[in-house]
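A short write-up of the structure that comes next.
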Amino acid sequence: MSMNRILLLMFLLFVAEGAVMPWIIPAGFGHRIIPHFVFVVVIFSGLYSRRHLALLLGVSFGMLQDVVYFGHLLGINAFIMGLMGYFTGVLLEHRRSTIMMAISIIGFACLLYDSVIFFIYRVFRITNESYAFALIDHILPSLFLQLAFALACYVPARKWFEGQTIMKSDKSEE
């Protein structure tokens, strides 16, 4: 799939995170489940494409999230999302990952992403709740939503990003 289509898909996922998902999530869980579908796609790009592409996608869509959704501290989501995508690409650069490996890496990355954001908010005293409460209240319920999304879009995402890498290597050979 071309890069323009991947960007369009990520933009649609970004809009769905804020416009569609609040209607789908049950009323009792509305403040507890926070979808990070764009972050899952950034991790997929780090797993199955180039690490620099994951860094670029993470920084750009993270900054978009900072500007549109979170106004407390600008740049936190951009920094963490880009860094997590880049490190995923570095750690698994020459390895072929299976579905279990990919889902476990995405789960760990989502857990780390939410935890780092919590601790940065804690340092700057934006939140005063304990980590145990945050883990049970919104980090773990959100993690299950991200894992279900990652499992549902594993095959298409792998084809899109592996196809992106193959197209790039074919162009460089010519």
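Counting in our numbering, the sequence shown runs from -4 upward without gaps.
Ideal Cβ placement from N, Cα and C applies to all residues, glycine included.
- Annotated three-state conformation of F114 is helix, per DSSP.
- For G13 and L86, the gap between their C-alpha atoms comes out near 31 Å.
- Using a Cβ-Cβ distance cut-off of 8 Å, the region 135 to 144 and the region 22 to 29 are in contact, since at least three pairs of beta carbons, one from each stretch, lie closer than that value.
- For M95, the closest alpha carbon among the candidates I19, R0, L142 and R45 is that of L142.
- Residue state for S40 is assigned as helix, using DSSP reduced to three classes.
- A straight-line Cα-Cα distance of about 20 Å links I98 and L50.
- For a cut-off of 8 Å, the C-beta gap from F156 to V35 is around 12 Å, too long to register as a contact.
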